[in-house]
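Those sequence lines, one after another, are chains A and B.
Residues 1 to 193 (our numbering) are what the first sequence spells out, left to right.
Residues 1001 to 1188 (our numbering) are what the second sequence spells out, left to right.
A quick write-up on the structure given underneath.
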Amino acid sequence: MDADRRDAVTDSACGVIDGEIRATLAVDPSPEFVARVRTRIASEPPRATSSLSWKFVAAGALAATIAIVVVSRPEGKPTPVTQARRAEDIQLAPSVAIEQPGHAPAAFPVVSGPGRMRAAAIRPEPEILLDPAETRALRRLITGTRAGTLDLSASLQATAPAAMDMPPLIEITIPLITIDPITSQAGEEGARQ
Amino acid sequence: MTVNEFADRLAGSVVNVDQQLEAEFEARLMESSTLAFRVAYGVLRHRQDAEDVAQEAFVKAYRSFRQLRDRDRFRAWLVRMTWRLALDRQRGDRRRAMREVVQASEPLAPSATDEVAARERASHLWAAIDALPDKLRVAVVLSNIEGHDIREVARLLNLPDGTVKSRLFLARQRLKEQLQWMQTDATR
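This is the structure in C-alpha cells:
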C-alpha cells in the first residue's frame, strides 16, 4: 500500500519535472535565425569541390613539378654529386682515374688504387638516373605541345587500343586415352623386394 | 572531344553536384534549425547565446556536409556538435549571472506570488539538471525536445535504446532526490 503510494508520488514528481523541462524547452528560435545562418554560410569561403578533385589537383601539381625538374636539368652535364667527388679526395690519390663515358652522366667516379677503399667507404646511395634519350623525347614533346607544332588530336580521340589480329583457331583433337588395367601375375603378390 | 571540351564538361558536373549539395543542406537547415536551437537552449537557457551556438554548429555542418548527407546522420551529428559547443560556451561564460527565465511558464503564474514561485521552481530544477553528469543531462534534454521517444534519443546519441532508458531512469532518480519539495507540491 505504502509502496503503491510511493510509486504514484514518484510518477507524479517525474511528470512535474518533465513538464517543467518541456515548458522551458518549448522555445522557438527567432524568425531571423535561419536567415542569419544562411548569411553566415554564404560568407564562408568556397568549399572544395570534392576530395576526388583535390586529389587530381595534387597529382597534377606533382606531375608538373617532376616535368619541370626533368626539363630544367641541363642535358649531357654530369650530375654534380657526392662526397666522393670532393676535390681533396681526388687530389690526395694520385692514381685515381676518373672515367666518364661521352654522353652518359656518370654518377660516380671510377676509382682505383689506394683511394679506392676511401672512396668506397664514403660513397653515398646511387642516384636515380634518367635515360638521356628519354629526357630528350620528353623535352621535345613538351616544347612541341607548347609551340603547337605537335598534333595530338589522334591520341586525344583514341579511346581504346585496337584489338590485335589473332591467328585463326585450330581445333585440337586429343586422341582417346585408354588405360589398361594392371593385372597381377600369379605368385607375384606379396613378394618382398 | 578536345581538352577544353572535357574541362568544360568536368566543370559543369562539379557545379551540378554543388548545387545539389546546397539544396540538400538547405532542406536540412529548414528541418533541423529548431532542434539545434533547442539543444543549445537546453544548456544555455539564453536565446541569443543559443542562436549563436546553433549557427556555429550549422556552419561546421556545412563544412563537412559531404560526409553528412544522410538525414539521420546529419541530425545526430548536429545534436552532438551543438551540445558540445553549448557546453563550451557555458563553461567559458560561467560569470553570466542572469539567465533568461522561462517564458513558457509565465501563463501558469497569474499572480505575482505564483510567478515568483514558478521562477524559483524553474531555477531549482535547472540547477539540478546542470549538476547532472553530461551523459544523463543530454538524455534528459533530448527526451523533452520535440516529443522524442527513447528510440529517437538513442538514434541521436548513437547509443542502444537500453542505455538511454537506464540513463533517463538514473537522471530522474537524481532529480527527484534533489527536488523533494516538488514531490510534495505534486501530491497536494
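We put the beta carbon where it would ideally sit given N, CA and C, even for glycine.
Taking leucine 1087 (chain B) as the centre and dropping the five residues before and after it, the same chain places the C-beta of Val1043 and Asp1134 closer than 8 Å to its C-beta, in chain order. Leu1029, Met1030, Ser1033, Thr1034, Phe1037, Arg1038, Tyr1041, Gly1042, Arg1045, Arg1047, Ala1050, Glu1051, Ala1054 and Gln1055: these are the residues of the stretch 1027-1056 of chain B whose beta carbon lies less than 8 Å from some beta carbon of chain A, given in chain order. Close to alanine 1086 (chain B), with beta-carbon spacing below 9 Å, lies no residue of chain A; the smallest spacing is near 13 Å. Beta-carbon to beta-carbon, serine 1032 (chain B) and arginine 1075 (chain B) are separated by about 6 Å, close enough to satisfy the 8 Å threshold. Closest in alpha carbon position to threonine 135 (chain A), among A:Ala23, A:Val69, A:Gly15 and A:Ser30, is A:Val69. Listed by position along chain A, the residues whose Cβ is nearer than 9 Å to that of alanine 1122 (chain B) are Glu20, Ala23 and Thr24. Close to chain B, meaning a Cβ-Cβ distance shorter than 7 Å, are the following residues of the stretch 27-38 of chain A: Val27, Asp28, Pro29, Ser30, Phe33, Val34, Arg36 and Val37. Under the three-state reduction of DSSP, alanine 26 (chain A) is assigned to coil, being neither helix nor strand. In this structure tyrosine 1062 (chain B) is in contact with isoleucine 41 (chain A), their Cβ atoms being roughly 5 Å apart against a cut-off of 8 Å.
Taking 7 Å as the threshold, the shortest C-beta distance from arginine 146 (chain A) to chain B does not fall below it. Cα atoms of leucine 1125 (chain B) and glutamine 1178 (chain B): separation of roughly 9 Å, rounded to the nearest angstrom.
Rounded to whole angstroms, the Cβ separation of threonine 145 (chain A) and leucine 152 (chain A) is 7 Å, and the two are in contact under 8 Å. Alanine 1057 (chain B) places its beta carbon less than 7 Å from that of threonine 1082 (chain B). Around the beta-carbon of glutamine 1067 (chain B), fewer than 16 other beta-carbon atoms lie within 10 Å, marking it exposed. Ranked by Cα distance from arginine 1080 (chain B), the first of B:Arg1038, B:Asp1049 and B:Asp1093 is B:Arg1038. Classified as exposed, aspartate 1093 (chain B) has fewer than 16 neighbouring CB atoms from the shown chains inside 10 Å of its CB. If you draw a straight line from the Cα of glutamate 44 (chain A) to the Cα of glutamine 1019 (chain B), it is about 16 Å long. Residues of the stretch 1152-1181 of chain B with a C-beta less than 8 Å from any C-beta of chain A: Arg1172, Leu1175, Lys1176 and Leu1179, listed in chain order. About 26 Å separates the Cβ atoms of arginine 1119 (chain B) and alanine 1139 (chain B), ruling out a contact at the 8 Å cut-off.
The beta carbon of proline 167 (chain A) sits closer than 7 Å to none of the beta carbons in its chain outside the five residues before and after it. With a beta-carbon spacing of about 11 Å, leucine 1142 (chain B) and alanine 1171 (chain B) fall beyond the 8 Å limit used to define contacts. Residue-level contact by beta carbon holds for isoleucine 1145 (chain B) and chain A, with a gap shorter than 7 Å.
Put simply, the backbone Cα of leucine 1157 (chain B) is about 52 Å away from that of leucine 156 (chain A).
Excluding five sequence positions before and after leucine 1029 (chain B), the CB atoms of its chain that fall closer than 7 Å to its own CB belong to Phe1058, given in chain order. In the assembly as shown, isoleucine 170 (chain A) is an exposed residue. Its beta-carbon has fewer than 16 other beta-carbons within 10 Å.
Aspartate 1161 (chain B): member of the alpha helix (DSSP H) spanning 1161-1178, first to last residue.
Boundaries of the alpha helix (DSSP H) harbouring isoleucine 41 (chain A): 33-42, taken from the DSSP string. The residue from B:Glu1051, B:Gln1180 and B:Asn1144 with its alpha-carbon nearest to that of proline 31 (chain A) is B:Glu1051.
Close to valine 1059 (chain B), with beta-carbon spacing below 9 Å, are these residues of chain A in chain order: Val37, Arg40, Ile41 and Glu44. Per DSSP, reduced to three states, the secondary structure at leucine 169 (chain A) is coil, with no helix or strand assignment.
When the beta-carbon positions are compared, alanine 1040 (chain B) and alanine 1027 (chain B) stay at least 7 Å from each other. In the three-state reduction of the DSSP assignment, threonine 65 (chain A) falls in the helix class. Only residues of its own chain outside the window of five on either side were considered, and among them Pro1160, Asp1161, Thr1163 and Val1164 have a CB closer than 8 Å to the CB of alanine 1154 (chain B), listed in chain order. Look at histidine 1148 (chain B) here: in three-state DSSP terms it is coil, with no helix or strand label. Counting the other CB atoms within 10 Å of its CB gives leucine 25 (chain A) a total of 16 or more, which places it among the buried residues.
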